[in-house]
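Residue numbers (my numbering): -12 to 193.
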């Protein structure tokens, strides 16, 4: 239970760690970390660290014992805007394999010396879902909402189910996947999701 709502975990994505050799981080001005799944590949000794969201920031601070920055908009687009507003000489980008490449393109465009560490791969899962018991879907990423649509519609789910997503970009992907009732949250944190869920008018179990 979370705030009185019944929660039915149905993971549609899993990750597999990619082993990487140690990297000396003291030669880099910034380390950008895009996921908590990538923590094993984060080099120590960088001058500063930037996490894409609050959950990754907390995990990274617990791991390294240093203050970690977060962009105002907690997304890849937010990281790109942060880079545009700050002077960075060199960077390590720690991410998943097969990502969007948006931040890497920005680093190259700005002429920032950088190295990319692909720390994990994604696998798509097809959990069994009972659509009659589900009043709303929460999906945290573009890949996640695409696979959620595949699973949901294969099970005969209604396209009008509220789908909570962390950004307009993911909302556009959800609409393209066939969902009709898209709810844009303020971010991906549990607090953001609960606030948006309450706004849908769905009653909790309490």
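Just so you know, even glycine gets a beta-carbon here, dropped at the ideal spot from N, CA and C.
In the structure shown, what three-state DSSP assignment does residue 38 receive?
Taking the first residue of the chain shown as 1, we reach residue 38 at position 51. Three-state DSSP puts residue 38 in a strand.
Rounded to a whole number of angstroms, what is the C-alpha to C-alpha distance between residue 150 and residue 158?
Here residue 150 corresponds to residue number 163 of the chain shown, with the count starting at 1. Here residue 158 corresponds to residue number 171 of the chain shown, with the count starting at 1. If you take the alpha carbons of residue 150 and residue 158, they lie about 8 Å apart.
Contacting residues, own chain, Cβ-Cβ under 6 Å from residue 48 (five flanking each side not counted)
In the chain shown, the residue the question calls residue 48 occupies position 61. Result list for residue 48: 55, in chain order.
Look at the alpha carbon of residue 101 and the alpha carbon of residue 144, and state the distance between them as a whole number of angstroms.
Against the chain shown, residue 101 aligns to sequence position 114. Against the chain shown, residue 144 aligns to sequence position 157. Each residue's Cα considered, the two are about 44 Å apart.
Look at the Cβ atom of residue 132, then the Cβ atom of residue 141, and state whether they are nearer than 7 Å.
Taking the chain shown and counting its residues from 1, the one referred to as residue 132 is at position 145. Taking the chain shown and counting its residues from 1, the one referred to as residue 141 is at position 154. The Cβ atoms of residue 132 and residue 141 do not sit closer than 7 Å to each other.
Please list the segments of the alpha helix (DSSP H) lying wholly inside the region 33 to 78, counting only runs of 4 or more residues, in order along the chain.
41 to 51 and 63 to 72, all fully within the region 33 to 78.
Residues of its chain near residue 41, where Cβ-Cβ distance is below 8 Å and the 5 sequence neighbours each way are ignored
As a position in the chain shown, residue 41 is number 54, starting the count at 1. Closer than 8 Å at Cβ, skipping near neighbours: 57, 61, 174 and 176.
I'd like the span of the beta strand (DSSP E) that includes residue 148, first residue to last.
Locating residue 148 in the chain shown gives position 161, where the first residue counts as 1. Premise fails: residue 148 is in no beta strand (DSSP E) and is neither H nor E.
Using 8 Å for Cβ pairs, my map puts residue 110 next to residue 1. What's the rounded Cβ distance?
In the chain shown, counting from the first residue as 1, residue 110 sits at position 123. In the chain shown, counting from the first residue as 1, residue 1 sits at position 14. 5 Å between Cβ atoms; contact.
Any idea if residue -4 is buried or exposed, counting beta-carbon neighbours within 10 angstroms, 16 or more meaning buried?
In the chain shown, counting from the first residue as 1, residue -4 sits at position 9. Exposed, because fewer than 16 other Cβ atoms sit within 10 Å of the Cβ of residue -4.
DSSP beta-bridge partners of residue 2:
What you label residue 2 is simply residue 15 of the chain shown in a count that begins at 1. Answer is 109, bridged to residue 2.
Tell me which same chain residues have a C-beta within less than 6 Å of the C-beta of residue 21, skipping the five on either side of it?
Numbered from its first residue, the chain shown carries residue 21 at position 34. Same-chain partners within the cutoff: 39 and 82.
What are the partner residues of residue 24, as DSSP defines its beta bridges?
Within the chain shown, numbered from 1, the residue matching residue 24 stands at position 37. Per DSSP, none; premise fails for residue 24.
Using alpha carbons as the reference points, say which of -2, 32, 8 and -1 lies closest to residue 106.
Sequence index remark: in the chain shown, residue 106 carries index 119 (1-based). Nearest of -2, 32, 8 and -1 to residue 106, Cα basis: 8.
Thinking residue 116 and residue 148 are a contact (beta carbons under 8 Å), I'd like their distance in whole angstroms, please.
Taking the chain shown and counting its residues from 1, one reaches residue 116 at position 129. Taking the chain shown and counting its residues from 1, one reaches residue 148 at position 161. Actually they do not touch by this definition, with Cβ atoms about 11 Å apart.
Kindly list the residues whose CB is nearer than 6 Å to the CB of residue 84, restricted to its own chain and excluding five residues on each side of it in sequence; keep chain order.
The residue given as residue 84 occupies position 97 in the chain shown. Within the same chain, residue 84 has close Cβ partners 105 and 108.
Please confirm whether residue 51 and residue 35 have their CB atoms less than 7 Å apart.
The sequence position of residue 51 within the chain shown is 64, counting from 1. The sequence position of residue 35 within the chain shown is 48, counting from 1. No.
Can you tell me whether residue 84 is helix, strand or coil according to DSSP?
As a working note, residue 84 is residue 97 in the chain shown. Coil at residue 84, not helix or strand.
Element boundaries [alpha helix (DSSP H), containing residue 160]
In the chain shown, residue 160 corresponds to position 173, counting from 1. Residues 155 to 163.
Beta-ladder partner(s) of residue 102, from DSSP
To locate residue 102, count along the chain shown from 1; it is residue 115. BP columns for residue 102 point to 79.
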